[in-house]
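Take the sequence shown: its letter number 100 is residue 100 in the UniProt record's numbering, and every next letter is one higher.
Beta carbons are placed, not taken as given, at the ideal position from N, Cα and C, and that holds for glycine.
Just so you know, these numbers come straight off a predicted model, no measurement behind them.
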Amino acid sequence: MQFVADDHALNVDGSSLRTTTDPDIAAKAIAAETLDRIRVVLDSYPADPIVLLSGGVDSILVAATAVALGTAPRAITIVVDGEAVDRAPAIAAAEALGLRHEVVVLSSSDVVSLAKSAVAALGVNELWEVAAAIPILAASELIRRFSAASPAPAAVLTGSGADAIFAGGRVIQHPIESAAANQALDEVVRTETGTNFVRDRLVPDFYERLLGDDAQALIHVFQTERFWQLAEQLAPPALFGHVTGAAHDKLAVRLACERLLPETAQHLAWTRKSPIQRSSGLFDALADAARARAAQLPGATTYSNPLTEPMESVAVRLFLAALD
1 MQFVADDHAL
11 NVDGSSLRTT
21 TDPDIAAKAI
31 AAETLDRIRV
41 VLDSYPADPI
51 VLLSGGVDSI
61 LVAATAVALG
71 TAPRAITIVV
81 DGEAVDRAPA
91 IAAAEALGLR
101 HEVVVLSSSD
111 VVSLAKSAVA
121 ALGVNELWEV
131 AAAIPILAAS
141 ELIRRFSAAS
151 PAPAAVLTGS
161 GADAIFAGGR
171 VIQHPIESAA
181 ANQALDEVVR
191 TETGTNFVRD
201 RLVPDFYERL
211 LGDDAQALIH
221 VFQTERFWQL
231 AEQLAPPALF
241 GHVTGAAHDK
251 LAVRLACERL
261 LPETAQHLAW
271 TRKSPIQRSS
281 GLFDALADAA
291 RARAAQLPGA
301 TTYSNPLTEP
311 MESVAVRLFL
321 AALD
């Protein structure tokens, strides 16, 4: 994992660099760089890799590339019981690619227990940090088991970070070919990269706290200097466009992924999802836990019910309880 923002001045206008408009050209560049990146990782970690597989295009591209390199990855997917946004496409991708696949299904009590462990390990209770830590902690036992059984060192591959450099989940509010769109994209990417690809952040040793010595094998495939240099050349038409009548972000990434999948599974490259904290069901599970906590407060059901009232009321209840 390379902390690009530590070595680059990101508070500048780099829109003039964004000259690649053809999504096909961009897709080929992304595919080639992903292949090179994982090939180099396998030189240091020669065993079949472990892939943290969500239902999104980034991790599916990582898994498909690892398969294209001749490996037989193990995949781990973390979801909350009853959630299908991540689970269904992850299972479908694993089946299409022939992956050995473990799906860890968390109950509501599992989520609360892991949240407590995350707060203790990280030393903070910030929502996004804790929710990002929960899947890592949930996967940690399998990671240790697979690594121990491996005849050689095995990398743990994640597609986390792709949204930052490829503006995943974003919408450009200008005509896609315009200079204003180019500048807006550049600002979004530089802001996201400055927040995420930096060592000096809320919990600098985030992964070390969660995984201990195993953290060194966790590879953020897209978080490199070379990927940053590639991504900062991409103009809006390379990343935003319509396919079969539907608008998509990360267009070039999706094209790169589609071309590595069997024809029957190519639709998985066009799956839309939120960040894992939401798509895995974690936010909903934590919100339910907050409701349950609020319902236990003295007099909580006198005038309404924290289990069914607006979430704003639940937040106020918990704030007032903190004042006590």
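Beta-carbon proximity of residue i to residue j, cut-off 8 Å
| i | j | result |
| --- | --- | --- |
| L97 | V67 | yes |
| A27 | L255 | yes |
| A148 | I76 | no |
| L122 | A133 | yes |
| A47 | P175 | no |
| S59 | L52 | yes |
| F206 | A164 | no |
| G168 | H220 | no |
| P268 | A92 | The sequence shown places Leu at residue 268, not Pro. Taking 8 Å as the Cβ cut-off, L268 and A92 qualify as a contacting pair. |
| A237 | E177 | Note on residue identity: the sequence assigns Pro, not Ala, to residue 237. Their beta carbons are under 8 Å apart, which means P237 touches E177 by this criterion. |
| F319 | V253 | no |
| T264 | L218 | no |
| L202 | E126 | yes |
| residue 405 | G281 | Lying outside 1 to 324, the shown extent of the chain, residue 405 is not represented and no answer is given. |
DSSP state of residue i mapped onto helix, strand, coil
| i | result |
| --- | --- |
| V112 | helix |
| G299 | coil |
| V80 | strand |
| L286 | helix |
| R259 | coil |
| V104 | strand |
| A247 | strand |
| A88 | helix |
| A26 | helix |
| V221 | coil |
| V57 | helix |
Outcome for residue i when other beta-carbon atoms lying within 10 angstroms are tallied against a minimum of 16
| i | result |
| --- | --- |
| Y303 | exposed |
| K116 | exposed |
| L286 | buried |
| V80 | buried |
| D200 | exposed |
| R87 | buried |
| R100 | exposed |
Whole-angstrom distance between residue j and residue i, CA atom to CA atom
| i | j | result |
| --- | --- | --- |
| E187 | Q223 | 18 Å |
| I30 | D24 | 10 Å |
| S16 | E225 | 19 Å |
| A235 | R190 | 14 Å |
| V156 | I50 | 5 Å |
| A290 | V103 | 26 Å |
| T193 | E312 | 31 Å |
| L114 | F283 | 13 Å |
| A32 | F146 | 28 Å |
| I136 | V57 | 19 Å |
| A322 | S107 | 27 Å |
| D22 | W228 | 18 Å |
| A292 | A247 | 38 Å |
| A294 | E129 | 22 Å |
Return the chain-ordered ranges of every alpha helix (DSSP H) run that is complete within the stretch 194–219 and spans a minimum of 4 residues. 206–211
Please give me, in chain order, every unbroken run of the alpha helix (DSSP H) with length at least 4 that falls completely inside the stretch 133–207. 162–166, 179–196
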